[in-house]
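>
In the working numbering, the protein residues as written are 458 to 862.
1) Taking a contact to mean a Cβ-Cβ separation below 9 Å, would you say residue 583 touches residue 730 in this structure?
2) What residue ranges within the region 502-572 form continuous alpha helix (DSSP H) runs of no fewer than 4 residues, ordered along the chain?
3) For residue 625, name the three-state secondary structure that DSSP assigns.
4) Taking 6 Å as the limit between beta carbons, can you name the residues of its chain near residue 649, skipping five residues before and five after?
5) Is there contact between the region 626-637 and the region 518-535, where contact requires at least three CB pairs shorter than 8 Å?
6) Within the continuous alpha helix (DSSP H) that includes residue 690, where are the two ends?
7) Mapping the DSSP letters down to three states, classify residue 807 as helix, strand or coil.
8) Here's a check: name, in chain order, each residue in its chain whose Cβ is nearer than 7 Å to the Cβ of residue 695, leaving out the five neighbours to either side.
9) Would residue 722 and residue 779 qualify as a contact pair, given that the criterion is a beta-carbon distance under 9 Å?
10) Does DSSP put residue 659 in a helix, in a strand, or in coil?
11) Within 10 Å of its beta-carbon, does residue 662 have 16 or more other beta-carbons around it, so buried, or fewer, so exposed?
12) For the region 694-751, which segments carrying the alpha helix (DSSP H) assignment without a break, of at least 4 residues, lie completely within its bounds, in sequence order?
13) For the region 747-759 and the region 604-618, state whether three or more C-beta atom pairs, one from each stretch, are separated by less than 8 Å.
14) Out of 735, 791, 688 and 709, point me to the one whose CA is closest to residue 763's CA.
15) Are the Cβ atoms of residue 841 and residue 742 separated by less than 9 Å?
16) Just how far apart, CA to CA, sit residue 575 and residue 835?
17) Have a look at 567, 497, 571 and 594 and flag the residue whose alpha-carbon is nearest the alpha-carbon of residue 555.
18) Would you tell me roughly how many angstroms separate the C-alpha atoms of residue 598 and residue 714, rounded to the nearest one?
19) Which whole-angstrom value describes the C-beta separation of residue 466 and residue 592, a residue pair presumed to lie in contact below a C-beta threshold of 8 Å?
20) So what's residue 762 in DSSP terms, helix, strand or just coil?
21) Roughly how many whole angstroms lie between the Cα atoms of residue 668 and residue 573?
22) Enumerate in chain order the residues of its own chain whose CB-to-CB distance from residue 803 is below 7 Å, with the five nearest sequence positions on each side excluded.
23) Residue 796 and residue 520 - do their beta-carbons sit closer together than 9 Å?
24) Distance check for residue 689 and residue 703, CA to CA, integer angstroms please.
25) My output table needs one value for residue 487: the three-state DSSP class, helix, strand or coil.
26) How should residue 863 be labelled, buried or exposed, when 16 other C-beta atoms within 10 angstroms of its C-beta is the threshold for buried?
27) Taking residue 755 as the reference, give the member of 744, 699, 781 and 528 with the closest Cα.
28) If I'm right that residue 481 touches residue 539 with Cβ under 8 Å, what's the distance once you round it to whole angstroms?
29) Using beta-carbon positions only, say whether residue 684 and residue 843 come within less than 9 Å of one another.
30) Evaluate residue 664 with the Cβ neighbour count: other Cβ atoms within 10 Å of its Cβ, from every protein chain shown; 16 or more gives buried, anything less gives exposed.
31) Please report the straight-line C-alpha distance between residue 725 and residue 776, rounded to a whole angstrom.
32) In the DSSP assignment, the alpha helix (DSSP H) including residue 577 goes from what residue to what residue?
33) Residue 543 and residue 618 look like a contact to me (Cβ under 8 Å); what is the Cβ gap, rounded to whole Å?
34) At which residues does the alpha helix (DSSP H) containing residue 468 begin and terminate?
Have a look at this one:
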């Protein structure tokens with residue numbers, strides 16, 4: 458479990474701080490820096506493009522560079538850039554650094570998927586992956602603590618500095634872990650040399666695309682990520698605007714995100730454990746159903762059930778990445794799992810981009826976001842139907858094997 462906890466800390470660093478700390482601090486930073494709405498729009502566009510580019514780049518060259526080496530490089534780069542952000546006050550430079558941080562975040566998660574898939578016991582792989590992915594939720598919570606306790610006393614610069622110091626600590630733990638894993642891997646390789654064929658052969662880019670299209674697990678994994686991105690990205694980006702348009706108190710958005718962070722913290726381990734014991738499709742079905750029910754409650758009465766929607770968001774979004782990666786790892790080697798997970802991140806980003814563009818168009822035309830959340834509920838229902846299909850499909854595939862035995 459030490460491995461899962463160390464990589465959860467990496468997620469706090471790369472995603473919690475690298476992706477989301479700026480969004481948390483920007484209201485305070487604007488008091489000292491001339492950050493305009495155009496700057497914020499540019500940050501949103503460039504970081505999303507960089508995240509997708511990082512995922513694609515990892516799928517193409519990750520196996521050549523080595524995931525352990527990449528993990529350290531990305532961690533050190535993220536830590537250095539966080540330190541730079543504590544001193545820089547030029548909006549253009551800030552945007553450039555945030556763009557690089559986004560690419561580092563996607564590459565970092567891909568390396569985590571490969572390393573855990575390669576070293577974890579298969580019976581615990583999903584638990585390790587979902588625990589690691591829940592580090593993003595812990596990052597949400599820590600960001601809130603920085604805003605409440607650090608910024609009022611020491612200023613927003615101190616938050617970036619603390620994030621960088623945290624990164625230095627995480628890189629020390631990560632280096633120790635990777636060295637330990639390398640020693641055990643070397644020992645195992647010397648014992649099994651000539652007897653056990655390598656299961657970590659990379660896929661060429663052409664083979665990777667063909668696998669995603671034709672292999673059912675890889676295809677469904679990417680489809681799930683596409684639909685989840687279409688639902689969760691607009692939900693997160695437009696939530697406060699929607700609550701404000703309804704004349705609800707600003708604190709309601711804070712309560713909602715706090716609930717999302719708390720549910721995501723604990724969902725990582727629990728949902729991963731369910732995936733390892735009852736099956737990945739069952740775990741996906743549970744979180745999809747929970748998200749759908751919570752969105753329906755939110756549509757019925759946003760003033761009362763906004764925190765419930767946050768609970769459903771946290772329960773699905775944070776552990777979903779680990780469940781999907783664990784599911785793919787059952788059919789592919791660690792390197793191929795990393796490559797397919799990179800395509801999953803791309804489809805997630807595409808779904809989120811389409812969802813945000815559609816939400817912006819609807820808001821511009823109707824001056825209301827209610828239809829946006831109705832569409833999100835429909836998307837959540839599609840995820841439930843997809844979960845039912847995956848479960849039934851797996852049962853049909855098992856029946857011939859049972860009959861043959």
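Backbone N, C-alpha and C define an ideal beta-carbon position, used for all residues, glycine too.
The relevant details are as follows:
1) Along the chain shown, one-based indexing puts residue 583 at 126. Along the chain shown, one-based indexing puts residue 730 at 273. Contact: yes.
2) 524-542
3) Here residue 625 refers to the residue found at position 168 of the chain shown. The answer is helix: DSSP assigns residue 625 an H, G or I state.
4) Residue 649 sits at position 192 when you count from the first residue of the chain shown. Model confidence at residue 649 stands at a pLDDT of 45, short of 50, so the residue's coordinates are unreliable; what they give is reported in the following sentence. Around residue 649: no qualifying Cβ.
5) yes
6) Residue numbering aside, residue 690 sits at position 233 when the chain shown is read from its first letter. Segment 673-702, the alpha helix (DSSP H) holding residue 690.
7) Taking the chain shown and counting its residues from 1, one reaches residue 807 at position 350. Three-state DSSP puts residue 807 in a helix.
8) Position 238 of the chain shown, counting from 1, holds the residue named residue 695. Contacts found: 816, 826 and 829.
9) Position 265 of the chain shown, counted from the first residue, corresponds to residue 722. Position 322 of the chain shown, counted from the first residue, corresponds to residue 779. No.
10) In the chain shown, counting from the first residue as 1, residue 659 sits at position 202. Coil at residue 659, not helix or strand.
11) Your numbering for residue 662 matches position 205 in the chain shown. By the neighbour-count rule (16 or more Cβ atoms within 10 Å), residue 662 is not buried but exposed.
12) 707-735
13) no
14) Working through the chain shown from its first residue, we reach residue 763 at position 306. Comparing Cα positions, the closest option is 709.
15) The residue given as residue 841 occupies position 384 in the chain shown. The residue given as residue 742 occupies position 285 in the chain shown. Contact flag set, yes.
16) Within the chain shown, residue 575 is the residue found at index 118, counting from 1. Within the chain shown, residue 835 is the residue found at index 378, counting from 1. Each residue's alpha carbon lies about 37 Å from the other.
17) Residue 555 sits at position 98 when you count from the first residue of the chain shown. It is 497 whose Cα lies nearest to the Cα of residue 555.
18) To locate residue 598, count along the chain shown from 1; it is residue 141. To locate residue 714, count along the chain shown from 1; it is residue 257. The alpha-carbon atoms of residue 598 and residue 714 are separated by roughly 9 Å.
19) Position 9 of the chain shown holds residue 466. Position 135 of the chain shown holds residue 592. Right, their Cβ atoms sit about 6 Å apart.
20) As a first step, residue 762 is located in the chain shown; it is residue number 305 there, counting from the start. Residue 762 falls in the helix class under three-state DSSP.
21) Indexing the chain shown from 1 puts residue 668 at position 211. Indexing the chain shown from 1 puts residue 573 at position 116. Cα-Cα distance, rounded: 22 Å.
22) Locating residue 803 in the chain shown gives position 346, counting from the first residue. Hits under 7 Å: 509, 512 and 513.
23) For the purposes of this step, residue 520 is taken as residue 63 along the chain shown, with counting starting at 1. For the purposes of this step, residue 796 is taken as residue 339 along the chain shown, with counting starting at 1. Yes; because the gap between Cβ atoms is below 9 Å, this pair is in contact.
24) Walking along the chain shown from the start, residue 703 turns up at place 246. Walking along the chain shown from the start, residue 689 turns up at place 232. Those two C-alpha atoms are separated by around 20 Å.
25) Here residue 487 is taken as the residue at index 30 of the chain shown, counted from 1. Residue 487: coil per DSSP, three-state reduction.
26) Absent from the model: residue 863. The displayed extent of the chain is 458 to 862, so no value can be given.
27) Within the chain shown, the letter at position 298 stands for residue 755. Comparing Cα-Cα distances from residue 755 to each of 744, 699, 781 and 528, the minimum goes to 699.
28) Residue mapping note: residue 481 aligns to position 24 of the chain shown, counting from 1. Residue mapping note: residue 539 aligns to position 82 of the chain shown, counting from 1. With a Cβ gap of about 13 Å, residue 481 and residue 539 do not count as contacting.
29) Reading the chain shown from its first residue, position 227 is the one you call residue 684. Reading the chain shown from its first residue, position 386 is the one you call residue 843. Yes. Within cutoff.
30) In the chain shown, the residue the question calls residue 664 occupies position 207. Flag for residue 664 reads exposed.
31) Start at 1 with the first residue of the chain shown, and residue 725 comes out as number 268. Start at 1 with the first residue of the chain shown, and residue 776 comes out as number 319. Taking the straight line from one Cα to the other gives about 5 Å.
32) Counting from 1 along the chain shown, the entry for residue 577 is found at position 120. From DSSP, residue 577 is part of no alpha helix (DSSP H); its letter is neither H nor E.
33) Here residue 543 is taken as the residue at index 86 of the chain shown, counted from 1. Here residue 618 is taken as the residue at index 161 of the chain shown, counted from 1. That belief holds up - the Cβ atoms of residue 543 and residue 618 are roughly 4 Å apart, short of 8 Å.
34) Position 11 of the chain shown holds residue 468. Counting along the chain, the alpha helix (DSSP H) containing residue 468 begins and ends at 459-468.
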